[in-house]
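Beneath this line is the structure, given in structure tokens, with notes to follow.
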Amino acid sequence: MMVRLIAAAILAFEALGLAVLVVWQVVAMMAGDTASLASAIALAALTLVGAVAVAAFSVATARGQSWGRSGGIVAQALILAVALGELTGENANPATAALIAAPALVCGVMLILTVRSAGRQARAGEQT
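When we follow this note's numbering, the leftmost residue of the sequence shown carries the number 493, and every step to the right adds one.
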């Protein structure tokens with residue numbers, strides 16, 4: 493139970509981070525700090541969709557629903573891909589890559605432990 497709630501909390505913080513990013517993108521658009529307004533609007537909209545999805549994964553994980561855990565694991569894989577890009581990109585920064593990867597690794601492990609726990613509980617319920 494505790495592992496599930498820790499995973500849900502990390503997912504909630506990730507959703508909050510995405511929401512902050514949306515606000516930052518909107519402020520940049522309003523300040524005229526974009527090369528293409530259409531692209532900036534599309535990026536902000538997609539980021540908002542991501543924030544809502546990760547928030548939904550957080551709530552579902554806290555409630556013990558499997559789709560939330562599955563979505564959360566996929567989100568962590570995507571975050572790790574971003575961290576890898578930060579590690580190997582043109583302006584690679586290992587410290588930033590570590591800061592991006594650390595919460596994703598912790599959350600991914602917590603989600604996998606939650607999946608294993610749910611499987612054990614399901615098997616125990618079938619035997620009784």
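Glycine included, C-beta positions come from ideal geometry on N, C-alpha and C. Because the structure is a prediction, the values reported are computed rather than measured.
- Taking the Cα of Thr-553 as reference, the smallest distance to any Cα among Gly-617, Ala-499, Ala-590, Arg-612 is reached at Ala-499.
- With contacts defined as CB atoms closer than 8 Å, Ala-547 and Ala-504 qualify as a contacting pair.
- Contact annotation: Ala-587 and Ala-575 have beta-carbon atoms that are not nearer than 8 Å.
- Of all alpha-carbon atoms in Val-514, Ala-545, Trp-516, the one lying nearest the alpha-carbon of Gly-560 is that of Ala-545.
- In this structure, the straight-line span from the alpha carbon of Ile-604 to that of Gly-542 is close to 21 Å.
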